[in-house]
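Data block below; observations after.
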Amino acid sequence: MDPEQEYRQRQQVLNSYRAFLSQKLEPELRKAHEERVQVEEKIADYRSLLTQIESLEKTTTPRKRENEEGREEEDEDDKKEPTTTTVRIDLGSEILCDLAVDNTNKLFVDIGLGFFCQLSHREARTLSKKRIEILTDVEREKREKEERIVEHVEIVANGIKSLMASS
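Under my numbering, residues 12 to 178 are what the sequence shown spells out, in order.
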């Protein structure tokens, strides 16, 4: 094979590697990274919800005091007007809902169309922990996928380097 034809063939292979890298691997890597970041944001939302629930439980648990007969009763100063905090979370499959958290030990989950589901703090805590557990597994899978794509990028980049070095 003459040197000119060998050079053109090498350039053709080099161009196909570059095209594969820029048209296939780089977009896949960007998409995998974005998906992993979205899952991490969902995990952060559920952790935030857990923190808010724990904070509400601490601030809304009434202090007990003993009355004259030795029985415990709620301190009158601790009886407060109901307050509500709204938290937006993703229930999965990009279904967003608003959680209305109040200090009456109930959560009202907006499931859409004006319907609400009532959860106790404990139920919401259990739901949040379970969702964090599931999303952590999903995040691990997304991270592994991203790492595999990075490995493929490195293999193609090394192939391009070796083709350029042999020119």
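Beta carbons are placed, not taken as given, at the ideal position from N, Cα and C, and that holds for glycine.
These numbers were taken from a predicted model, which means no experiment stands behind them.
Margin query: According to DSSP, simplified to helix, strand and coil, what is SER177?
Written below: coil
Check: What does DSSP give as the partner residues of GLN181 in its beta bridges?
Finding: A question about residue 181 goes unanswered here, because the residues of the chain that appear run from 12 up to 178.
Next item on the list: Whole angstroms is fine: what's the gap from GLU37's alpha carbon to GLU165's?
Entry: 11 angstroms
Notebook entry, point to check: Can you give the Cα-Cα distance for GLY81 and ARG136, rounded to whole angstroms?
Noted result: Confidence at GLY81 is low in this model, with a pLDDT of 49, below 50, so the placement of that residue is unreliable and no value is reported for it.
Check: Using 8 angstroms as the Cβ pair cut-off and three pairs as the minimum, do the segment 137-154 and the segment 43-62 touch?
Finding: yes
Next item on the list: Round the Cβ separation of GLU157 and ALA43 to the nearest angstrom and send it over; I've been treating them as touching at under 8 angstroms.
Entry: 4 angstroms
Next item on the list: Could you tell me which of GLU52, GLN16, ARG29 sits nearest to SER173, measuring between CA atoms?
Entry: ARG29
Next item on the list: Taking only the alpha-carbon atoms, compute the straight-line gap between LEU215 and ARG142 and give it to the nearest angstrom.
Entry: Because residue 215 is not part of the residues shown, which for the chain are 12 to 178, the question remains open.
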